[in-house]
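Below: the structure, in structure tokens.
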Amino acid sequence: MSVKGLHKIIYPFAPDQSGAAAVLYELGGMIIICDAGGCAGNICGFDEPRWLQTKSAVFSAGLRDMDAILGRDDLMIEKIVKASDKIDAKFVAIIGTPVPATIATDYKALRRMAEKRTGMPVITVDSNGALWYDSGIEKAYMECFRKFASDDNGAVIPRSVGVIGVTPLDSDSLTAGKRIADALTASGTERVICYGAGSSFEDFADAGRMEKNIVVAAAGLRAARYLKDRFGTPYECADPLIGDVRAGIDLSAEELEGKRILIIHQQIRANALREVLLQEAEGLIEKPQITAASWFMMDEEISEKGDFRIREESDFFELVGNGDWDIIIADGSFRRASGDFGEKHGKHGKFIELPHFAVSGQFAGEESVKYYT
Amino acid sequence: MLKLAIYGKGGIGKSTMTANLSAAFASLGKKVIQIGCDPKADSTINLLGGRAQQPVMEYIRDHGDDLSSINEISETGFGGILCIETGGPTPGLGCAGRGIIATFNLLEELELFETVKPDVVMYDVLGDVVCGGFAAPIREGYAEHVLIVTSGEKMALYAANNICCAVENFADRGYADVAGIILNRRNIPGEEEKVRSFAAEKGLEIVGDIPRSDDINQFEEQGMTVIEGDPDLPISHKFTELAEKLLELDR
Numbered sequence: 061m062s063v064k065g066l067h068k069i070i071y072p073f074a075p076d077q078s079g080a081a082a083v084l085y086e087l088g089g090m091i092i093i094c095d096a097g098g099c100a101g102n103i104c105g106f107d108e109p110r111w112l113q114t115k116s117a118v119f120s121a122g123l124r125d126m127d128a129i130l131g132r133d134d135l136m137i138e139k140i141v142k143a144s145d146k147i148d149a150k151f152v153a154i155i156g157t158p159v160p161a162t163i164a165t166d167y168k169a170l171r172r173m174a175e176k177r178t179g180m181p182v183i184t185v186d187s188n189g190a191l192w193y194d195s196g197i198e199k200a201y202m203e204c205f206r207k208f209a210s211d212d213n214g215a216v217i218p219r220s221v222g223v224i225g226v227t228p229l230d231s232d233s234l235t236a237g238k239r240i241a242d243a244l245t246a247s248g249t250e251r252v253i254c255y256g257a258g259s260s261f262e263d264f265a266d267a268g269r270m271e272k273n274i275v276v277a278a279a280g281l282r283a284a285r286y287l288k289d290r291f292g293t294p295y296e297c298a299d300p301l302i303g304d305v306r307a308g309i310d311l312s313a314e315e316l317e318g319k320r321i322l323i324i325h326q327q328i329r330a331n332a333l334r335e336v337l338l339q340e341a342e343g344l345i346e347k348p349q350i351t352a353a354s355w356f357m358m359d360e361e362i363s364e365k366g367d368f369r370i371r372e373e374s375d376f377f378e379l380v381g382n383g384d385w386d387i388i389i390a391d392g393s394f395r396r397a398s399g400d401f402g403e404k405h406g407k408h409g410k411f412i413e414l415p416h417f418a419v420s421g422q423f424a425g426e427e428s429v430k431y432y433t
Numbered sequence: 255m256l257k258l259a260i261y262g263k264g265g266i267g268k269s270t271m272t273a274n275l276s277a278a279f280a281s282l283g284k285k286v287i288q289i290g291c292d293p294k295a296d297s298t299i300n301l302l303g304g305r306a307q308q309p310v311m312e313y314i315r316d317h318g319d320d321l322s323s324i325n326e327i328s329e330t331g332f333g334g335i336l337c338i339e340t341g342g343p344t345p346g347l348g349c350a351g352r353g354i355i356a357t358f359n360l361l362e363e364l365e366l367f368e369t370v371k372p373d374v375v376m377y378d379v380l381g382d383v384v385c386g387g388f389a390a391p392i393r394e395g396y397a398e399h400v401l402i403v404t405s406g407e408k409m410a411l412y413a414a415n416n417i418c419c420a421v422e423n424f425a426d427r428g429y430a431d432v433a434g435i436i437l438n439r440r441n442i443p444g445e446e447e448k449v450r451s452f453a454a455e456k457g458l459e460i461v462g463d464i465p466r467s468d469d470i471n472q473f474e475e476q477g478m479t480v481i482e483g484d485p486d487l488p489i490s491h492k493f494t495e496l497a498e499k500l501l502e503l504d505r
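Keeping their order, the protein sequence lines are chains A and B.
Residues in the first sequence are numbered consecutively from 61, following my numbering.
Residues in the second sequence are numbered consecutively from 255, following my numbering.
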């Protein structure tokens, strides 16, 4: 029996509050997880690999039952004010979890009160713990660009690029932001802002001055569209690190011949890998058929016919079990759930790992973990 | 867009005032949305010919919250007024205030205001501000002004005072302000003086003075407002005059 939303075999993925925190982690703000303690623990202990290496002011609001019953928002504001006296924070971010979602905390009111008391800019992200990380990333980017992007910071900077969507939850290493920036600089870009990865909150002010934006994860698309509407900044979807990703995949060009291949990741990485593999297969007589699938947001604009959004475990088993796949490229944590996936069609399918931290975190097999150490 | 929330003691006539005002706004050519924020879900009944519409909470319970259109949870009543009832849980269970907020979130997702483009939005709110959920209609982005319905009765004025205090407490949250009092007369001794004294103490204006009228009851028996029943009655003129006055808040 399939129960909606229940994962019996596949790990639960990083939730939306972790996605929001991942965008904000390096920006120099004070990040308040509006929870009783467990969500902040989950973020710092499991979903944020930078926690052990890079300092960031992440706090739990420490909500208790009487805070919910009495609606003591003012106590949290007091805590924020006290903490802001001791911490050199440039802004405050309040991130939602299931607790405020259940009691319907008014984030707009919290923002007003906190801004008045601290004198700092405050953003709030209404994540609720019931959605996956990509939703939190999307919301956090939107809040940051709405709040911090300036309309009068100056003209468009020649040869400048903004990169949206680089977080450890989607990238293959903690150096992704730097590697992307280095690659863009090497190819003639003079100003690169990797929002949330190697940038500060002040960099968001220049968002309207970028010549173009590159979106590297589907969760960044909404923000890119917002910036296009507000500043006219064009955007493209690309995975600048796809060369490195391809190099880590044990699959020769010859092996692609006539194969049915399923790639499961966040949509832009899955698309980019498909494109690379199809380019490699150009000289082959029988071209491979490659399908991109994701557990996370899939945008119609960048989808191809047959691409698949996985919503439930049963979707996954249906897709993998009945799909006649020769090769599946996905996070190592899906290996067990994939089983002998070609068996039904008389094949012995090949499973190739493509790490996705939001999916397997620290728990995946060594093949995945090695990317994060 | 004029967005008003009607508060007051239970049974004081909030739904009657709200429905008649909505009908008056509609008669003045305005596009109106009326949202009943009460688990009893009877705010819009007299705009719909005496028929109770299905509340949003009941719809979600039966069909889930994956709605594609506002039409699934709204009905069109007298004068083209778009009627919505939040409804609530089974009495004695769940959390009615949270239900109001869930409904508002849903209406936001469905881009209600952007789609319907109303001139006036009326929130008819259950009784007193008893918890955060019942303050939801005056949160930022919803009603901008509160109207308090009261008679000269002691408990009605007590509730009106509670509402004023609640709104004062919300000053730093960017919530709605109190635009005034609607005196819904019960014809108790010294009624006008008592309400005027309260209004003066609170620095509020009595924006509407609605006399006790059997016409209201008579037309409610037929499932309609007095505006719909007979727009030429003196009581109908009272509502129209009040509607015209309230429209000035939006200018």
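Cβ atoms here follow ideal geometry from the backbone N, Cα and C, with glycine treated the same way.
- In the three-state DSSP reduction, A:Val-141 falls in the helix class (H, G or I).
- Between A:Ser-393 and A:Ile-70 a beta carbon distance of about 7 Å is seen, short of the 8 Å cut, so the two are scored as contacting.
- For chain B, the residues of the segment 164-181 of chain A that bring a beta carbon within less than 7 Å of one of its beta carbons are Ala-164, Asp-166, Lys-168, Ala-169, Arg-172, Met-173, Lys-176, in chain order.
- For secondary structure counted as the beta strand (DSSP E) over 3 or more consecutive residues, the segment 324-366 of chain A holds these complete runs in sequence order: 349-354.
- For the pair A:Phe-356 and A:Tyr-286, the CB atoms are not nearer than the 8 Å cut-off.
- Secondary structure note for A:Arg-177: its alpha helix (DSSP H) is the uninterrupted segment 167-178.
- Along the length of the segment 209-292 of chain A, whole beta strand (DSSP E) runs at least 3 residues long occupy 220-224, 251-254, 272-275, reported in chain order.
- Rounded to whole angstroms, the gap between the alpha carbons of B:Asp-320 and B:Glu-326 is 11 Å.
- In this model, B:Leu-360 and A:Ser-195 are separated by some 17 Å (Cα to Cα).
- With respect to chain B, the C-beta atom of A:Gly-131 has a partner C-beta closer than 8 Å.
- A:Phe-411: member of the beta strand (DSSP E) spanning 410-413, first to last residue.
- For B:His-399, no alpha helix (DSSP H) segment is defined; the enclosing uninterrupted segment is the beta strand (DSSP E) at 399-404.
- By the rule that beta-carbons nearer than 8 Å mark a contact, B:Gly-341 does not touch chain A.
- Here A:Arg-177 has Ile-137, Val-141 as same chain residues with Cβ atoms under 7 Å from its own Cβ, once five neighbours each way along the sequence are excluded.
- As the crow flies, the alpha-carbon of B:Glu-368 is around 50 Å from that of A:Gly-402.
- The beta carbon of A:Pro-75 is closer than 6 Å to those of Gly-189 in its chain, skipping five residues each way along the sequence.
- One Cα belongs to B:Tyr-261, the other to B:Glu-363, and the distance between them is close to 25 Å.
- Between A:Gly-88 and A:Ala-149, the C-beta spacing is below 8 Å.
- Within the segment 80-151 of chain A, the runs of alpha helix (DSSP H) at least 4 residues long that lie entirely inside it are, in chain order, 98-102, 125-130, 133-146.
- The Cβ-Cβ distance between B:Phe-332 and B:Ala-277 falls below 8 Å.
- For the pair A:Ala-313 and A:Ala-352, the CB atoms are not nearer than the 8 Å cut-off.
- One thing to note: A:Ile-147 has its Cβ no nearer than 8 Å to the Cβ of A:Ile-93.
- Taking each of A:Gly-409, A:Trp-192, A:Ala-236, A:Cys-254 in turn and checking the Cα distance to A:Ser-220, the smallest one comes out for A:Cys-254.
- DSSP, reduced to helix, strand and coil, places B:Phe-424 outside both helices and strands of the structure shown, so it counts as coil.
- Remark: C-beta atoms of B:Val-374 and B:Leu-256 approach each other more closely than 8 Å.
- Sequence-ordered contacts of the segment 392-422 of chain B with chain A read Arg-393, Glu-394, Gly-395 [C-beta pairs closer than 9 Å].
- Listed along the chain, the chain A residues whose CB falls inside 8 Å of the CB of B:Gly-387 are Ala-164.
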